[in-house]
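Notes to accompany the following structure.
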Amino acid sequence: VHCEEGLVCNTPALLGAVGICQKPEAKSMPTVIAGEGKECKMSVAPEHQVHCEEGLICSAPLRPGTPDVCTRLAASLSSSEVVAELASVATPSLRGSASAAQDKQP
Numbered sequence: 212v213h214c215e216e217g218l219v220c221n222t223p224a225l226l227g228a229v230g231i232c233q234k235p236e237a238k239s240m241p242t243v244i245a246g247e248g249k250e251c252k253m254s255v256a257p258e259h260q261v262h263c264e265e266g267l268i269c270s271a272p273l274r275p276g277t278p279d280v281c282t283r284l285a286a287s288l289s290s291s292e293v294v295a296e297l298a299s300v301a302t303p304s305l306r307g308s309a310s311a312a313q314d315k316q317p
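Printed below as a string of structure tokens:
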């Protein structure tokens with residue numbers, strides 16, 4: 212007796228034992244890990260994903276068309292670091308607003 216198409220016959224190690232038709236096990240792919248500031252990809256098929264190191268998140272940049280990047284969680288950043296990070300990626304018209312916001316902080 213043969214298994215249906217797409218199934219494999221898994222038999223125990225005992226000689227002459229009956230096999231069971233099952234879905235083949237997915238081959239595990241090694242997880243690709245990226246560090247802070249490196250490109251990450253989470254919205255693609257699992258075999259093409261690039262995860263961030265522990266403590267980092269894969270975040271979309273403020274500029275459309277640029278790749279996602281591994282960044283520290285916002286909770287671990289001070290308010291001045293958040294403002295500085297936003298100012299570094301803001302468009303020129305927004306840079307003045309970001310620095311003004313930083314000056315107003317206690």
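Per the numbering used here, the sequence shown starts with residue 212, numbered consecutively.
All C-beta atoms, glycine included, are put in the ideal place defined by N, C-alpha and C.
These figures come from a predicted structure and were not determined experimentally.
Sequence-distant residues of its chain with Cβ nearer than 7 Å to residue i (five each side left out)
| i | result |
| --- | --- |
| T222 | A228, G230 |
| S304 | Confidence in S304 is poor, its pLDDT being 49 and thus under 50, which makes the residue's placement unreliable; the coordinate value appears in the next sentence. If we look at S304 and ignore the five residues flanking it on each side, it has no Cβ neighbours. |
| P278 | E250 |
Neighbourhood of residue i by C-beta, 8 Å cutoff - its chain only, sequence neighbours within 5 removed
| i | result |
| --- | --- |
| V280 | G248, K249, E250, C251, C269, S270, P272 |
For residue i, the first and last residue of its enclosing beta strand (DSSP E)
| i | result |
| --- | --- |
| Q260 | Per DSSP, Q260 belongs to no beta strand (DSSP E) and is neither H nor E. |
| R283 | 280-283 |
Beta carbon of residue i nearer than 8 Å to that of residue j
| i | j | result |
| --- | --- | --- |
| H242 | H259 | Residue identity differs from the one stated: residue 242 is Thr in this sequence, not His. No; because the gap between Cβ atoms is not below 8 Å, this pair is not in contact. |
| E216 | C232 | no |
| E264 | G276 | no |
Proximity to residue i [Cα-Cα], best of the options
| i | options | result |
| --- | --- | --- |
| E236 | C220, L225, L226 | C220 |
Spatial neighbours of residue i in its chain, beta-carbon cut-off 6 Å, leaving aside the 5 residues before and after
| i | result |
| --- | --- |
| H213 | none |
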